[in-house]
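Enquirer: So the sequence shown is numbered by the working numbering: it starts at 722 and just counts up by one. Before I ask anything, let me first share the structure, which is written out below as structure tokens.
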Amino acid sequence: MSSTITADFVVIGAGIMGLAMARELKANYPKSKIIVLEKESQVAAHASGRNSGVIHAGFYYSPDSLKAKLTRKGNLLLHEFCDVFDVPVLRCGKLVVARNEAEDLVLDTLFTRGQANGVPVELIDSEQVKEIEPRAKTFRRALWSPSTSSVDPVAVCQCLLDQLKSSGVQVRLSEGVQVISRTGEIETTKGSRISAGFVYNCAGLYADRMAQQMGFGDKYQILPFKGIYLKPAEMASPLKTHVYPVPNLKNPFLGVHFTLTVQGEVKIGPTAIPAFWRENYQGFDNFN
């Protein structure tokens, strides 16, 4: 039986949440011993590396919500992070376009929310839309969000990983959690035993299973969804900005939209469909 390793903090998961959490812990407790456990051989292998990479501005959310506050703050902090550490950012902005009178009225709600949240937004007419993106069409007006950008989420996570390694944080790739107790006693998939002072559950789609092993969240289970994007094989010229529809404010999805990647490529999507299992990306790969 292997001897037990002690750590002040153990972070489960090396997606963007886990890596950022470990970075913040090290900044606040520089002498602490921190271990990050990741079952995959690379960081950002799942949701963190498979999203659109859009840095949202924060105008969708009601002003009294925590999401509104954190989205705006996160937008500022992530732009600052990318500037400081030379992570490429595409500052392309976003147009939200309407199809009819009803959607045009929703633009007023989004504009009001944006102003209340301290987010730079403008209501512009169809001629101004054409100046920003000649191929975009709108019913009468559109919402322009200049602070919406794109970033490569894997590049952000890789930058975080490099910082953690240089600061002495142990990031153990290909080593997940086999068993964990409520008191922070961990057995890893490689047979290591770790006694943690504090455990941070950043396990993504497996966060419910980790929590339940520790005696929390027994009544909750994650229902995985996946989104599929189409990528045009070729375009005469790339779009100049993100182009989004007016969302239905009663549901959490933003609708099918045109997204620019940091490399300047265009994606159309996503869908939002329940996944049959937690890593249901293609065919029967990773079935469990």
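Note that CB positions come from ideal geometry on N, CA and C, so glycine has one too.
Helix, strand or coil: which one does DSSP assign to GLY925?
Expert: helix
Enquirer: Enumerated in chain order, which unbroken segments of the beta strand (DSSP E) with a length of 3 residues or greater are wholly contained in the segment 866–913?
Expert: 870–872, 891–893, 898–901, 906–909
Enquirer: Which residues mark the beginning and the end of the alpha helix (DSSP H) in which GLY795 is found?
Expert: 787–805
Enquirer: Assess, as a yes-or-no matter, whether the segment 952–969 is touched by the segment 979–986 under the definition of 3 or more beta carbon pairs within less than 8 angstroms.
Expert: The segment 979–986 is in contact with the segment 952–969.
Enquirer: Starting from the Cα of ASP825, find the closest Cα among ARG793, ARG862, GLU848 and give me that residue.
Expert: ARG862
Enquirer: One question on the structure: do GLY999 and TYR927 come within less than 8 angstroms of each other, judged by their Cβ atoms?
Expert: Looking at the sequence itself, residue 999 is Arg, so the reference to Gly does not match. Contact check for ARG999 against TYR927 passes: the beta carbons are separated by less than 8 angstroms.
Enquirer: Could you check whether the segment 851–860 touches the segment 724–742, counting it as contact only if at least three pairs of C-beta atoms, one from each stretch, sit closer than 8 angstroms?
Expert: no
Enquirer: In whole angstroms, what separates the C-alpha of THR910 from that of LEU882?
Expert: 21 angstroms
Enquirer: Which residues in the same chain have their Cβ closer than 7 angstroms to the Cβ of ASP939, if we skip the five residues on either side of it in sequence?
Expert: GLN933
Enquirer: By DSSP's criteria, TYR965 is part of a beta bridge. Which residues make up the other side?
Expert: VAL817
Enquirer: Report all residues from its chain with a CB closer than 7 angstroms to the CB of ASP829; omit the five preceding and five following residues, and keep chain order.
Expert: none
Enquirer: If you follow the beta strand (DSSP E) that ALA857 is part of, which residue opens it and which one closes it?
Expert: ALA857 -> no beta strand (DSSP E), and no H or E assigned at all.
Enquirer: Excluding sequence positions up to five away, which residues of its chain have a Cβ less than 7 angstroms from the Cβ of LEU844?
Expert: Same-chain partners within the cutoff: LEU828, PHE832, ARG862, LEU864.
Enquirer: Using DSSP's beta-bridge definition, name the partner residues of LYS988.
Expert: THR980
Enquirer: Which stretch, first to last residue, makes up the alpha helix (DSSP H) that contains ASP829?
Expert: 822–837
Enquirer: Flag this pair as touching only if the segment 754–763 and the segment 801–812 have three or more C-beta atom pairs under 8 angstroms; answer yes or no.
Expert: Taking 8 angstroms as the limit for Cβ pairs, the verdict is that the segment 801–812 does not touch the segment 754–763.
Enquirer: Under the rule that 16 or more other beta-carbon atoms within 10 Å means buried, what is ASN838, buried or exposed?
Expert: buried
Enquirer: Grouping DSSP H, G and I as helix and E and B as strand, with all else coil, what is ALA748?
Expert: In the three-state scheme derived from DSSP, where H, G and I count as helix and E and B as strand, ALA748 is classed as helix.
Enquirer: Considering only DSSP beta bridges, list what LYS947 is partnered with.
Expert: ILE994
Enquirer: State the Cα-Cα distance for the pair MET931 and LYS851, rounded to the nearest angstrom.
Expert: 50 angstroms
Enquirer: So, with DSSP's three-state summary, where would you put LEU975?
Expert: If DSSP states are grouped into helix, strand and coil, LEU975 belongs with coil.
Enquirer: Can you tell me where the alpha helix (DSSP H) holding VAL842 begins and where it ends?
Expert: Here VAL842 belongs to no alpha helix (DSSP H), and DSSP marks it neither H nor E.
Enquirer: The beta strand (DSSP E) with VAL757 in it runs from where to where?
Expert: 755–758
Enquirer: What is the rounded straight-line gap between the Cα of SER847 and the Cα of PHE860?
Expert: 8 angstroms
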